[in-house]
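Read the structure below first, then the notes.
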Amino acid sequence: MTADTRILAKPVAGGLDAWPALALERARSAGEPAWALEQRRAAAVVAAGLAFPDRRLELWRRTDFGALTLGELDPFAPGLRARNVDDLPPAVIERLAGEASNLGLLVRRNGAVALEQTHPALARQGVVVCSLERALREHPEQLEGRLHALIEPDLDRYAALHQAMRSGGAFVRVPDGVHVELPIRLIHWLDDAGVAAAPATVVVLGRGASATVLEECLSATADGPAFFSGGTEVFVGEDAKLVYGHLQDWGRNVFHYSNQRARVERGGELQWIQTFLGGRMTKTNSYFRLAGADSSVFVHGFMFGDQRQHFDLHTLQQHAAERTTSDLFIKAALKDRARSVYQGMIQVAPGAQRTDAYQANRNLLLSETARADSIPGLEILANDVRCTHGATVGSVDPEQMYYLMARGLPRRDAQRLVVEGFFAPVLDRIPLESVREQLRGVIQAKIG
Amino acid sequence: MTAPENPTVGIRDSYTEKYGFHDRDQFVFKARRGLDPEVVRGISRMKGEPEWMLEFRLKALETFRKKPMPAWGGDLSHIDFDEIYYYVKPTEQEARSWEDVPADMKRTFDRLGIPEAEQKFLSGVGAQYDSEVVYHRIKENLEKQGVLFLSTDHALRDHEELFRRHFATVIPPTDNKFAALNSAVWSGGSFIYVPKGVRVDVPLQAYFRINTKDMGQFERTLIVVDEGAYVHYVEGCTAPTYSSDSLHSAVVEIVVKAGGRCRYTTIQNWSNNVYNLVTKRAAAYRDATMEWVDGNLGSKLTMKYPAIYLMEPGAHGEVLSIAFAGRGQHQDAGAKAVHVAPHTTSKIVSKSISKDGGRAGYRGLVKVAKGAVECRSTVNCDALILDEASRSDTYPTMEIEEDQVSIGHEATVSKIGDEQLFYLTSRGVPKEEAAAMIVAGFIEPVVKELPMEYAVEMNRLIQLQMEGSVG
């Protein structure tokens with residue numbers, strides 16, 4: 001039995017209005033560089049000038065965070081520092097599946113760092129895997145111009161607050177030409193209800209580098225809301241290759257809103273995997289900018305909702321240069337009263353000739369009270385292109401069911417197989433076997 | 001593909017000569033510019049309307065004032081509602097014979113080929129000139145079967161009970177800002193009633209013509225197809241090319257009762273200075289079929305999304321749409337299918353072409369409401385972009401609240417395929433002709449649904465458009 005090491009959250013006196021000044025003060029005493037402090041200050045001004053988004057804002061038309069009262073949460077909840085992996089919450093230990101010694105690893109707990117572990121092999125290659133707090137102290141020059149560079153602070157009030165309230169984060173940097181064999185894992189854990197965390201993640205791959213990074217969100221279901229405000233910025237250098245996975249498996253009390261941006265330079269390749277399994281409400285904006293010629297982005301994602309879960313994903317494939325390729329495939333399956341919103345846009349800038357862009361969204365409704373909204377889109381301002389999107393919404397294919405049941409499978413098992421088969425193509429892309437297996441387990445439990 | 005070397009010749013270039021002429025100003029009454037309750041009262045008084053219609057108009061005017069301009073779609077910032085003439089009455093009364101139409105106006109419709117077409121292949125014709133219908137006639141045998149084909153004003157006057165039972169039931173004035181505007185100042189348009197079981201085998205046609213500069217045309221069309229009946233209604237429209245902008249904002253409501261079928265075909269060919277902001281919606285009941293065939297070639301900006309509400313089991317809806325955007329044009333076309341009832345089906349096919357800096361797009365909605373199980377819907381959008389300066393947008397939306405459904409959407413944007421071009425040119429077809437053939441093939445699935453005379457016209461227009469477009 002491990003002792004309960006959870007830290008109880010307590011709201012800040014003065015409420016939401018008092019948050020930014022307190023965050024700024026803490027950042028100053030932590031020795032954040034002047035430009036980072038200035039970012040916080042500027043974002044706080046933007047946040048103060050905005051109301052919380054409601055359905056009048058196009059991106060918030062279908063998702064309502066009304067049940068979340070931010071001011072009642074604690075944005076400064078500390079997290080217990082771990083001496084080693086054994087000190088981490090049991091669910092995190094289980095997720096690591098005994099492989100922790102073979103990784104670059106950062107575990108965050110609430111607003112704080114729990115464990116930073118750079119593998120000697122990575123250190124030898126000059127690879128940095130550390131908290132954003134440390135990176136701002138030790139490598140500020142590598143963050144300036146990158147941190148918050150790709151996320152518009154005035155996108156909405158949550159995005160502005162994220163930058164004003166940034167509670168540390170993660171930094172990964174791979175030097176030019178370095179191929180990282182070991183996977184790098186960034187894990188976010190929230191202890192309890194009442195916690196608000198706003199970590200920023202910055203991943204930088206130098207020219208010709210390659211790496212695999214998994215960012216995972218985990219917590220146990222607690223009684224009462226918690227809020228995770230994420231911001232991930234990924235820079236894929238020329239001819240670099242990054243496999244990045246964002247796996248959301250929160251407890252059912254967590255509201256999750258994150259902005260994710262990737263910028264891919266000439267000849268670079270990004271493989272992006274995105275999964276939504278947990279949380280109460282999840283809203284994510286993932287934008288991919290093909291900034292350099294001959295770059296490519298492949299996105300595979302799934303959502304599986306049950307009970308009253310709500311998932312909202314907005315993707316943008318921005319083709320800004322010639323001969324760029326993007327291929328996106330998002331699947332959603334929904335049970336009970338779950339709801340999904342997928343909104344996707346392919347944008348081709350003038351002059352981005354020879355663009356090849358694809359976007360597909362498949363939705364599987366497993367109950368008559370589930371709901372799926374699909375809003376794919378194309379904005380094409382170049383002519384020598386091939387851009388296609390497709391979206392479908394339907395229930396389990398009766399022919400597939402018939403095929404399986406005719407071979408003696410009970411209806412329940414047949415349906416389970418069909419749903420597992422629905423997710424399999426995305427699941428197969430998740431880089432680590434142990435993670436894949438655990439997510440498969442989560443899916444099976446949800447099918448019930 | 002290299003940029004075109006010759007200046008392009010297209011429908012929009014020959015437009016001025018063919019359609020863009022205008023008559024000298026002629027009207028028996030012209031309201032002052034701008035819009036206020038007095039103008040609305042004036043329109044209603046002039047038409048001798050019942051009190052309830054005046055009240056309806058005034059209430060709609062309030063709604064219009066309160067509603068914000070749409071922030072999406074095209075650029076509406078240049079519309080100056082104070083500069084528009086909302087009502088221009090061209091003649092004292094509607095004629096039943098072309099002989100009774102004033103000579104200038106008759107000449108206009110002659111040039112547009114309307115009387116000739118009426119003779120050859122139509123069951124009835126309505127011709128609207130600015131705010132009023134100047135000519136209306138339906139074949140006698142249809143009249144005998146109880147088919148009504150009248151100007152909407154006429155219908156209100158002579159069939160008030162039937163009219164009032166359906167008017168504004170499909171599109172309430174509160175639906176959107178421009179539906180509210182139309183509800184306040186509507187004038188003209190067609191009213192059609194097809195009695196139970198009557199099939200009108202040959203199309204009815206209405207032609208809408210704007211002549212006056214700075215004019216707003218707000219026709220209102222209401223079609224009621226009773227049980228088991230059928231009608232095909234065709235509308236065309238053109239306007240003179242003026243340097244200042246005109247506004248066309250129609251409302252079209254259609255009710256298709258059990259087992260009925262209605263097809264509504266539009267060949268929209270307004271001049272490049274017309275804002276075309278139209279609300280079109282049909283309600284289809286048990287086993288009824290509603291088909292919109294929507295061709296958008298003209299206008300400066302079109303925002304139009306013909307809708308079908310599938311109200312009862314067995315209802316089926318189709319929208320076939322062609323949008324063509326050339327220089328200075330923005331076609332924000334689209335479609336909506338709202339599945340309210342179970343066992344309903346819909347199909348949307350959209351083809352758009354953009355060229356010479358034009359912007360064409362598809363904006364649509366497929367909605368399956370709670371309880372509407374066993375629905376099927378497919379949406380196919382294809383776009384061709386013919387040069388670097390042009391733009392194509394696709395904004396479909398799917399809102400699905402039921403599980404026993406099959407909903408699909410596919411869209412593709414591309415240029416004219418090099419392989420197709422090569423195939424044709426290597427067989428001796430000149431490049432320009434080859435490109436025109438490919439474009440004709442591209443829109444063929446929609447064109448083949450047009451009545452033959454219109455299909456010929458559409459192909460000719462596209463061919464003209466393609467001249468000189470491939471270097």
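Respectively, the protein sequence lines represent chains A and B.
Once you know that position 83 of the first sequence is 83 in this note's numbering, the rest is easy, because the numbers rise by one and skip nothing.
Once you know that position 293 of the second sequence is 293 in this note's numbering, the rest is easy, because the numbers rise by one and skip nothing.
Using N, Cα and C, we set each Cβ at its ideal position, and we do this for glycine too.
Simplified DSSP assignment, three categories, for A/Pro376: One-based indexing of the first sequence puts residue 376 of chain A at position 376. Note: A/Pro376 maps to strand in three-state DSSP.
Rounded C-alpha distance that separates A/Ile273 from A/Pro75: As a first step, residue 273 of chain A must be located in the first sequence, where it is residue number 273. As a first step, residue 75 of chain A must be located in the first sequence, where it is residue number 75. Cα-Cα distance, rounded: 28 angstroms.
Looking at the secondary structure, which residues open and close the alpha helix (DSSP H) in which A/Arg263 lies? One-based indexing of the first sequence puts residue 263 of chain A at position 263. Here A/Arg263 belongs to no alpha helix (DSSP H); instead the beta strand (DSSP E) covers Val254 to Val264.
Close-in-space but distant-in-sequence residues of the same chain around A/His300 (CB under 7 angstroms, 5 per side omitted): In the first sequence, counting from the first residue as 1, residue 300 of chain A sits at position 300. If we look at A/His300 and ignore the five residues flanking it on each side, its Cβ neighbours are Ile273, Phe329, Val426 and Arg429.
Ignore the nearest five residues each way along the sequence and tell me which others in B/Thr397's own chain have a CB closer than 6 angstroms to its CB. Here residue 397 of chain B refers to the residue found at position 397 of the second sequence. Answer for B/Thr397: Leu365, listed in chain order.
What does B/Asp75 touch in chain A if you count any residue whose Cβ is under 8 angstroms from its own? Working through the second sequence from its first residue, we reach residue 75 of chain B at position 75. Residues of chain A passing the Cβ test: none, with the nearest at roughly 15 angstroms.
Alpha carbon to alpha carbon, what distance is there between B/Gly328 and A/Arg157? For the purposes of this step, residue 157 of chain A is identified with residue 157 of the first sequence, where counting begins at 1. For the purposes of this step, residue 328 of chain B is identified with residue 328 of the second sequence, where counting begins at 1. The alpha-carbon atoms of A/Arg157 and B/Gly328 are separated by roughly 37 angstroms.
My understanding is that A/Cys130 touches A/Leu96, with C-beta atoms under 8 angstroms, so please give their C-beta distance in whole angstroms. Taking the first sequence and counting its residues from 1, one reaches residue 130 of chain A at position 130. Taking the first sequence and counting its residues from 1, one reaches residue 96 of chain A at position 96. About 18 angstroms separates the two Cβ atoms, so there is no contact after all.
Test: A/Ile375 CB closer than 8 angstroms to a CB of chain B: Numbered from 1 along the first sequence, position 375 holds the residue referred to as residue 375 of chain A. At least one chain B Cβ lies under 8 angstroms of A/Ile375.
Distance, Cα to Cα, A/Leu409 vs B/Val319? Walking along the first sequence from the start, residue 409 of chain A turns up at place 409. Walking along the second sequence from the start, residue 319 of chain B turns up at place 319. Spanning the two alpha carbons is a distance of roughly 42 angstroms.
Applying the 10 Å Cβ sphere with the 16-neighbour rule, what's the burial state of B/Ser244? Reading the second sequence from its first residue, position 244 is the one you call residue 244 of chain B. Burial is judged here by how many other beta carbons sit within 10 angstroms of a residue's own beta carbon; B/Ser244 has fewer than 16 and is exposed.
Could you tell me whether the stretch 420 to 427 of chain B touches the stretch 330 to 344 of chain B, where touching means 3 or more Cβ pairs closer than 8 angstroms? no
Taking 8 angstroms as the threshold (C-beta atoms), are A/Asn253 and A/Thr221 in contact? Counted from its first residue, the first sequence places residue 221 of chain A at position 221. Counted from its first residue, the first sequence places residue 253 of chain A at position 253. It is a contact, given that the beta carbons lie within the stated cut-off.
Kindly indicate which three-state DSSP category B/Lys18 falls into: helix, strand or coil? Stepping through the second sequence from its first residue, residue 18 of chain B is reached at position 18. In this structure, B/Lys18 counts as helix in the three-state DSSP scheme.
Measure the alpha-carbon distance for A/Arg108 versus B/Ala372 and round it to whole angstroms. Locating residue 108 of chain A in the first sequence gives position 108, counting from the first residue. Locating residue 372 of chain B in the second sequence gives position 372, counting from the first residue. So the two alpha carbons sit approximately 46 angstroms from each other.
Exposed or buried, B/Trp72, counting other C-beta atoms within 10 Å across all chains shown (16 or more means buried)? If you number the second sequence from 1, residue 72 of chain B lands on position 72. Burial call: exposed.
Report, in whole angstroms, the separation of the C-beta atoms of B/Val200 and B/Leu142, which I expect to be a contact under 8 angstroms. Position 200 of the second sequence, counting from 1, holds the residue named residue 200 of chain B. Position 142 of the second sequence, counting from 1, holds the residue named residue 142 of chain B. That pair is a contact at about 6 angstroms.
Any beta-carbon of chain A closer than 8 angstroms to the one on B/Val9? Residue mapping note: residue 9 of chain B aligns to position 9 of the second sequence, counting from 1. Bear in mind that the predicted position of B/Val9 carries a pLDDT of just 37, short of 50, making it too unreliable to give a figure here.
I'd like to know whether the C-beta atoms of B/Tyr275 and B/Val185 end up nearer to each other than 8 angstroms. Within the second sequence, numbered from 1, the residue matching residue 275 of chain B stands at position 275. Within the second sequence, numbered from 1, the residue matching residue 185 of chain B stands at position 185. Going by C-beta atoms, B/Tyr275 is not nearer than 8 angstroms to B/Val185.
Between A/Arg407 and B/Thr378, what straight-line distance do the alpha-carbon atoms span, to the nearest angstrom? Position 407 of the first sequence, counting from 1, holds the residue named residue 407 of chain A. Position 378 of the second sequence, counting from 1, holds the residue named residue 378 of chain B. Cα to Cα, the separation comes out at about 32 angstroms.
Taking the alpha carbon of A/Ala170 as the point to measure from, which residue in A/Val195, A/Val178 and A/Val213 has its own alpha carbon closest? Here residue 170 of chain A refers to the residue found at position 170 of the first sequence. Of the listed residues, the one whose Cα sits closest to A/Ala170 is A/Val213.
Hey, could you find the ends of the beta strand (DSSP E) B/Thr265 is sitting in? What you label residue 265 of chain B is simply residue 265 of the second sequence in a count that begins at 1. Counting along the chain, the beta strand (DSSP E) containing B/Thr265 begins and ends at Arg261 to Gln268.
Other residues of its chain near A/Ala34: CB distance less than 6 angstroms, five sequence neighbours each side excluded: Residue mapping note: residue 34 of chain A aligns to position 34 of the first sequence, counting from 1. Closer than 6 angstroms at Cβ, skipping near neighbours: no residue.
Determine, using beta carbons only, whether A/Gly383 comes closer than 8 angstroms to chain B. For the purposes of this step, residue 383 of chain A is identified with residue 383 of the first sequence, where counting begins at 1. The question names Gly, but residue 383 of chain A in the sequence shown is Asn. Yes, its Cβ sits closer than 8 angstroms to a Cβ of chain B.
Output the distance between the C-alpha atoms of B/Gly20 and B/Asp214, rounded to the nearest integer angstrom. Along the second sequence, read from residue 1 onward, the residue named residue 20 of chain B stands at position 20. Along the second sequence, read from residue 1 onward, the residue named residue 214 of chain B stands at position 214. Rounded to the nearest angstrom, the two C-alpha atoms are 15 angstroms apart.
Run of the alpha helix (DSSP H) containing A/Arg40, from where it starts to where it stops: Numbered from its first residue, the first sequence carries residue 40 of chain A at position 40. That run of the alpha helix (DSSP H) goes Ala34 to Ala48.
Does A/Val217 come within less than 8 angstroms of chain B when only Cβ atoms are used? Your numbering for residue 217 of chain A matches position 217 in the first sequence. Looking at the sequence shown, residue 217 of chain A is not Val but Cys. Judged by the 8 angstroms Cβ criterion, A/Cys217 is not in contact with chain B.
Measure the C-alpha to C-alpha separation of A/Tyr287 and A/Leu313 and round it to an integer number of angstroms. Translated into positions along the first sequence, residue 287 of chain A becomes position 287. Translated into positions along the first sequence, residue 313 of chain A becomes position 313. Roughly 10 angstroms between the two C-alpha positions.
B/Arg417 to B/Glu55 span [Cα, whole Å]: Start at 1 with the first residue of the second sequence, and residue 417 of chain B comes out as number 417. Start at 1 with the first residue of the second sequence, and residue 55 of chain B comes out as number 55. Contrary to the premise, residue 417 of chain B reads as Gly rather than Arg in this sequence. Cα to Cα, B/Gly417 sits roughly 56 angstroms from B/Glu55.
Do we get a CB-CB distance below 8 angstroms when we pair A/Ser395 with the residues of chain B? The residue labelled residue 395 of chain A in the question sits at position 395 within the first sequence. Yes, contact with chain B.
Any C-beta of chain A sitting closer than 8 angstroms to the C-beta of B/Gly408? By one-based count along the second sequence, residue 408 of chain B stands at place 408. So, interface residue.
Say whether the stretch 61 to 78 of chain B touches the stretch 428 to 446 of chain A, bearing in mind that this needs 3 or more beta-carbon pairs closer than 8 angstroms, one atom from each stretch. no
Out of A/Thr118, A/Arg261, A/Leu190 and A/Val174, state which residue places its alpha-carbon closest to the alpha-carbon of A/Leu150. Counting from one through the first sequence, the residue named residue 150 of chain A turns up at place 150. Checked all of A/Thr118, A/Arg261, A/Leu190 and A/Val174; the closest Cα to A/Leu150 is A/Arg261.
Per DSSP, what are the beta-bridge partners of A/Ser219 in this structure? Numbered from its first residue, the first sequence carries residue 219 of chain A at position 219. Looking at the DSSP assignment, A/Ser219 forms a beta bridge with A/Leu190.
Three CB pairs or more closer than 8 angstroms across the stretch 59 to 68 of chain B and the stretch 168 to 183 of chain B: yes
Expressed to the nearest angstrom, what Euclidean distance is found between the alpha-carbon atoms of A/Phe423 and A/Ala51? Working through the first sequence from its first residue, we reach residue 423 of chain A at position 423. Working through the first sequence from its first residue, we reach residue 51 of chain A at position 51. Approximately 38 angstroms between the Cα atoms of the pair.
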